[in-house]
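Sequential numbering from 1 applies to the sequence shown in UniProt numbering. Every residue, glycine too, gets a C-beta built ideally from N, C-alpha and C. The structure presented is a predicted model; accordingly, all values stated were derived computationally and were not measured. Accompanying notes for the structure given below.
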Amino acid sequence: MLEDVKVKVKETFGFESEPYDTNVLLIHAERNSVRKLLEFLKEQGFNYPHTVSVVDYIPKGEGFQVNYILENLSEKKFVMVRVNLTESDLTVPSVHDIFPPLQPHEREAWEMFGIEFIGNPRLEVMLLPDWAEGLYPLRKSYDFKKHRKPSKEKK
Numbered sequence: 001m002l003e004d005v006k007v008k009v010k011e012t013f014g015f016e017s018e019p020y021d022t023n024v025l026l027i028h029a030e031r032n033s034v035r036k037l038l039e040f041l042k043e044q045g046f047n048y049p050h051t052v053s054v055v056d057y058i059p060k061g062e063g064f065q066v067n068y069i070l071e072n073l074s075e076k077k078f079v080m081v082r083v084n085l086t087e088s089d090l091t092v093p094s095v096h097d098i099f100p101p102l103q104p105h106e107r108e109a110w111e112m113f114g115i116e117f118i119g120n121p122r123l124e125v126m127l128l129p130d131w132a133e134g135l136y137p138l139r140k141s142y143d144f145k146k147h148r149k150p151s152k153e154k155k
């Protein structure tokens, strides 16, 4: 099944993919095609979205990776769609309307990493206090010591 998906993705989008694990296919995608690719994968039966995650490779000079993990529940197979972003352009189209459960995941990625999901109407603070605006605590460049609020002394 995953081999068929690999061939169809290559034929339809031109994207390379490779086995990531026994039941997981990793697809390397471009940001501008991520919506069409995820719609296509949904039509192929990958209709259960698990998460949107971000990996910070800035210290290595590789930018950020946005990873979408989808499952085909009847086949117990997964696809991970990986989109690479540069530090100078941290935008990717939102897929909240294709997979509504991913909307809060996009919000969290925006809040913690500064990735802007274009078209997501709810990119607003969900977890951090107001004083942290513009700070992205899950980036490797974030200085916890500099931005940590002092704790109150115990009496």
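{"Item": "Look up Lys-76 in the DSSP assignment and say whether it is helix, strand or coil.", "Value": "coil"}
{"Item": "Output the distance between the C-alpha atoms of Ile-69 and Val-5, rounded to the nearest integer angstrom.", "Value": "15 Å"}
{"Item": "Who are the Cβ neighbours of Asn-67 in its own chain at under 6 Å, not counting the five residues just before and after it?", "Value": "Ser-53, Met-80, Arg-82"}
{"Item": "Enumerate in chain order the residues of its own chain whose CB-to-CB distance from Pro-101 is below 6 Å, with the five nearest sequence positions on each side excluded.", "Value": "Pro-49"}
{"Item": "Could you please give the first and the last residue of the uninterrupted beta strand (DSSP E) stretch that includes Asp-56?", "Value": "48-56"}
{"Item": "When the distance is taken between beta carbons, is Leu-41 closer than 7 Å to Leu-25?", "Value": "no"}
{"Item": "Quick one: grab the DSSP three-state call for Arg-122.", "Value": "coil"}
{"Item": "Relative to the alpha-carbon of Ser-74, which residue among Val-95, Gln-44, Asn-120, Asp-21 has its alpha-carbon at the smallest distance?", "Value": "Gln-44"}
{"Item": "Consult DSSP for Thr-12 and reduce its assignment to one of helix, strand or coil.", "Value": "helix"}
{"Item": "Specify, as a first and last residue, the run of the beta strand (DSSP E) that Leu-26 falls within.", "Value": "24-29"}
{"Item": "Leaving out five residues before and five after Leu-37 in sequence, what residues of the same chain have Cβ atoms less than 8 Å from its Cβ?", "Value": "Val-9, Phe-13, Phe-15, Ile-27, Ala-29, Val-81"}
{"Item": "For Phe-99 and Asp-21, I'd like the C-alpha separation in whole angstroms.", "Value": "24 Å"}
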